[in-house]
Amino acid sequence: MENSYAEDISQVKSILTDARSVLILTGAGISAESGVPTFRGGGGAPVWRGMPFEQLSSAEMVEKDLPLVWEWFDYRRNLVGECEPNAAHQVLATVQQSERFSDFSLVTQNIDGLHQGAGASDVIELHGSIWQASCLSCKTTQSLREIPEDERPPICPECFDSMRPDVILFGEAMPVQAVYGAQKKAEKCDVCIVVGTSALVYPAAELPLIAKQSGATIIEINQEETGLSSQANISLRGKAAEVLPLIFAENDSPNLRLPENKKVGSLDS
Ligand code: OAD
Numbered sequence: 226m227e228n229s230y231a232e233d234i235s236q237v238k239s240i241l242t243d244a245r246s247v248l249i250l251t252g253a254g255i256s257a258e259s260g261v262p263t264f265r266g267g268g269g270a271p272v273w274r275g276m277p278f279e280q281l282s283s284a285e286m287v288e289k290d291l292p293l294v295w296e297w298f299d300y301r302r303n304l305v306g307e308c309e310p311n312a313a314h315q316v317l318a319t320v321q322q323s324e325r326f327s328d329f330s331l332v333t334q335n336i337d338g339l340h341q342g343a344g345a346s347d348v349i350e351l352h353g354s355i356w357q358a359s360c361l362s363c364k365t366t367q368s369l370r371e372i373p374e375d376e377r378p379p380i381c382p383e384c385f386d387s388m389r390p391d392v393i394l395f396g397e398a399m400p401v402q403a404v405y406g407a408q409k410k411a412e413k414c415d416v417c418i419v420v421g422t423s424a425l426v427y428p429a430a431e432l433p434l435i436a437k438q439s440g441a442t443i444i445e446i447n448q449e450e451t452g453l454s455s456q457a458n459i460s461l462r463g464k465a466a467e468v469l470p471l472i473f474a475e476n477d478s479p480n481l482r483l484p485e486n487k488k489v490g491s492l493d494s
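Residue numbers 226 to 494, in the working numbering, belong to the letters of the sequence shown in order.
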């Protein structure tokens, strides 16, 4: 470990010692070591059957070709279903359960459910969940674990209209309640840790800025520099599954063994 990096880790640990309210904002990078492909950085933009991700995951495509949208999300859900939470998801769930901080909030842009898979609760999912369907008409939601994959599109148990994946698609408004809840957490936290996001997509990207304006310390964990880096008090350049266990270790010489994570390849098929 380089000296400056070790110093940064120990500075973050000391900041966390005094923290009461901690907000964690995660993006695709936290699940990268579980084998879930990221959207940007370190490779090409996701393409499936020759179509760009933005086109497949769009409100327009739900109107035009709902069965294709289901095929695309079933494909992605099957990939994610092969993945296990990694050491980053696990340490966050453990810290939340330990009640070490009086408030410890987890806000994610990810739809993969890996925070919950590690045991975290009350996760604010800004972009929805790949494990859930919602009704096109009455918005009733249902877990996809209860719906067989040959029922596509699933039929709403309440009004019998078709259901769609319960995720935010391009061209759609953000879920007001989730965004409002996350903004309130950002206003109240004294430390905001931003993990594995390119910080390009709003309103998630705004949360650390709200926290900073409210006086919080901003810590970024990312392998690469992002648009947020210049605003962060400390930027830790490393992998989430390596850095997070270090900063939340209770002692100074953690003997951590990282789990073997499955790799499931890219979104190209
Ligand atoms: P991106 O794919 O835009 O960014 C992933 C970030 O994670 C990059 O900055 C990488 O450098 C970083 N990264 C990669 N591996 C990492 C690792 N092992 N540890 C730490 N960092 C790592 O993903 P998001 O910022 O989450 O929205 O993307 C935001 C939204 O854009 C997504 O939720 C999705 C997409 O459009 C919707 O689908 C609505």
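Heads up, the beta-carbon is just placed ideally off N, CA and C, and yes, glycines get one too.
Bear in mind the structure is a predicted one, so any value in this text is a computation, not a measurement.
Check residue i in the structure and name its three-state DSSP category.
i	result
G440	coil
R482	With a pLDDT of only 36 at R482, under the threshold of 50, the placement of this residue in the model should not be trusted; the figure read from the coordinates follows. Three-state DSSP puts R482 in coil, outside helix and strand.
P379	coil
R301	helix
P390	strand
M286	helix
P277	strand
S239	helix
V316	helix
V261	coil
Is the beta carbon of residue i less than 8 Å from the beta carbon of residue j?
i	j	result
F298	P390	yes
V332	V261	no
V237	I459	yes
I349	V392	no
T430	A411	One point to set straight first is that residue 430 is Ala, not Thr, in the sequence displayed. In this structure, A411 does not lie closer than 8 Å to A430 by Cβ.
S259	L394	no
S246	D347	no
Q322	G342	no
A466	N311	yes
V316	L469	yes
L351	A403	yes
G254	T263	yes
When you compare each of the options to residue i by their alpha carbons, which one comes out closest?
i	options	result
K464	A313, K238, E383 and G260	A313
C360	D375, A345 and S387	S387
V419	L432, Y427, A244 and K410	L432
G338	T442, C308 and E374	C308
N303	D243, L369 and E449	L369
A441	E449, D243 and V404	D243
S454	S423, E475, L248 and N335	S423
V416	A231, L250 and Y230	L250
P271	R301, M286, L248 and E285	R301
A407	L248, S229 and D233	L248
A398	L281, W295, Y427 and V468	Y427
E449	R462, A457, I443 and G275	R462
L425	F385, Q334 and E371	Q334
V294	A358, F326 and A474	A358
P382	S362, Q280, D375 and T263	S362
T365	S229, S235, C384 and L471	C384
I240	N447, T451, G452 and I443	I443
W273	P292, E232 and E296	E296
E279	G396, S235 and I446	G396
V401	I380, I372, G353 and I446	G353
Residue range of the beta strand (DSSP E) that residue i falls in?
i	result
T497	The chain is shown only over 226 to 494; residue 497 falls outside these bounds and no answer can be derived.
S246	S246 to T251
Assuming residue i is part of the alpha helix (DSSP H), what are its boundary residues?
i	result
G406	V401 to K413
Open item on the list: Just to confirm the assignment: which complete beta strand (DSSP E) runs, minimum length 3, are found wholly within the region 321-364?
Closed with: 328-333 and 353-360
Task: Runs of beta strand (DSSP E) wholly within the region 417-474 (minimum 3 residues, chain order) - done: 442-446 and 459-461
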